[in-house]
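**Student:** Dropping a structure here in structure tokens format, bear with me for questions.
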Amino acid sequence: MDSTRKAERNRMVDQYIIPHGVKDPAVVAAMRHVPRHRFVPGEYSLFAYVDGPLPIGHGQTISQPSLVADMTAALQLKKTDKVLEIGTGSGYQAAILAELADQVLTIEIVEPLARQAEQTLAELGYRNVRVRIGDGYQGWPEEAPFDAIIVTAAPDHVPQPLLEQLALGGRLILPVGRDIQTLDLYRRTAEGYQRTTLTLVRFVPLVHPGGQ
Ligand code: SAH
1 MDSTRKAERN RMVDQYIIPH GVKDPAVVAA MRHVPRHRFV PGEYSLFAYV
51 DGPLPIGHGQ TISQPSLVAD MTAALQLKKT DKVLEIGTGS GYQAAILAEL
101 ADQVLTIEIV EPLARQAEQT LAELGYRNVR VRIGDGYQGW PEEAPFDAII
151 VTAAPDHVPQ PLLEQLALGG RLILPVGRDI QTLDLYRRTA EGYQRTTLTL
201 VRFVPLVHPG GQ
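Under our numbering, think of the first position of the sequence shown as 1, with each following residue one higher.
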């Protein structure tokens, strides 16, 4: 792990994450721990601990820290959980998940981003994250069911394969929509799925080569 810039990370958490309303102590601890500056391109390193999104190349962005914290907290992760992420991007969200769950599987469609994320995660010593290159719309059926699924690019409808790959009691969080999206949380119950809309967000679109 990289413990440099610890003071900046603590300041970020105290100034933005906690006032934003994130209370779960494990999520707060993960936000204090994971070195976000290692996941952003060198030219933006200075801004790594500001609460804003940053470009990571290939037209993609790393989400703002308070949104990463919010989405993670909404998943109510346990140390035994198996989690799927769609949209690895820089790998930062995957690292936060890896601090809180047992296993993290993450899918990225842009190969160079997947490779870079894999390298950063390995350098930081994350052994419980697996990165796959491909279309996350389909989920990762061979590894299902998942206790939690997080989608960090926006589809215009909820991908059915992801609902199907949720374990009973499992949670799926994702932005849904075109220009502006609702951040929706689904929970799988014995009767079906319960949906709650948390807020409005803006993510890059989920690329879906297969159509549907
Ligand atoms: N979670 C990331 C940020 C993700 S940005 C982080 O912490 O840095 C959204 C990412 O989703 C982009 O990298 C984009 O290439 C990827 N993406 C878009 N469509 C996808 C798809 N169908 N399957 C997998 N990844 C996809």
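We put the CB at the ideal spot given by N, CA and C, even for glycine.
#1: For P112, which residues in the same chain have their Cβ closer than 8 Å to its Cβ, ignoring the five residues on either side in sequence?
#2: Put R5 into one of helix, strand or coil per three-state DSSP.
#3: Assign D156 to buried or exposed, taking buried as 16 or more other Cβ atoms, counted over all protein chains shown, within 10 Å of its Cβ.
#4: Taking contact to mean 3 or more Cβ pairs, one atom from each stretch, closer than 8 Å, check whether the region 74 to 93 and the region 164 to 176 are in contact.
#5: Does the ligand SAH have a heavy atom nearer than 7 Å to the CB of T72?
#6: Starting from I96, trace the alpha helix (DSSP H) in both directions and tell me its first and last residue.
#7: Taking the alpha-carbon positions, what's the R188 to D24 distance?
#8: If you measure between the beta carbons of A94 and V104, is that distance less than 8 Å?
#9: Which residue from L183, G91, M71 and Y186 puts its Cα closest to that of V131?
#10: Which term fits I180, buried or exposed, when burial requires 16 or more other beta carbons within 10 angstroms of its beta carbon?
#11: Closer than 7 Å: is that where the CB of T61 sits relative to any heavy atom of the ligand SAH?
#12: Mind checking whether L206 and V151 have CB atoms under 8 Å apart?
**Tutor:** According to the structure data:
#1: In the sequence shown, counting from the first residue as 1, residue 112 sits at position 112. The beta carbon of P112 is closer than 8 Å to those of G57 and H58 in its chain, skipping five residues each way along the sequence.
#2: Within the sequence shown, numbered from 1, the residue matching residue 5 stands at position 5. DSSP places R5 in coil when its eight states are reduced to three.
#3: The residue given as residue 156 occupies position 156 in the sequence shown. Burial check for D156: the Cβ neighbour count within 10 Å stays below 16, so the residue is exposed.
#4: yes
#5: For the purposes of this step, residue 72 is taken as residue 72 along the sequence shown, with counting starting at 1. The answer is no for T72.
#6: Taking the sequence shown and counting its residues from 1, one reaches residue 96 at position 96. Here the alpha helix (DSSP H) through I96 covers Y92 to L100.
#7: Here residue 188 corresponds to residue number 188 of the sequence shown, with the count starting at 1. Here residue 24 corresponds to residue number 24 of the sequence shown, with the count starting at 1. Computed Cα separation, rounded: 22 Å.
#8: Against the sequence shown, residue 94 aligns to sequence position 94. Against the sequence shown, residue 104 aligns to sequence position 104. Cβ distance < 8 Å, so A94 and V104 count as in contact.
#9: By 1-based counting over the sequence shown, the position of residue 131 is 131. Ranking L183, G91, M71 and Y186 by Cα distance to V131 puts G91 first.
#10: Residue 180 sits at position 180 when you count from the first residue of the sequence shown. Looking at its Cβ environment, which holds fewer than 16 other Cβ atoms inside 10 Å, I180 is exposed.
#11: Residue numbering aside, residue 61 sits at position 61 when the sequence shown is read from its first letter. Here the distance from the Cβ of T61 to the nearest heavy atom of the ligand SAH is below 7 Å.
#12: Counted from its first residue, the sequence shown places residue 206 at position 206. Counted from its first residue, the sequence shown places residue 151 at position 151. Result yes, Cβ atoms of L206 and V151 sit closer than 8 Å.
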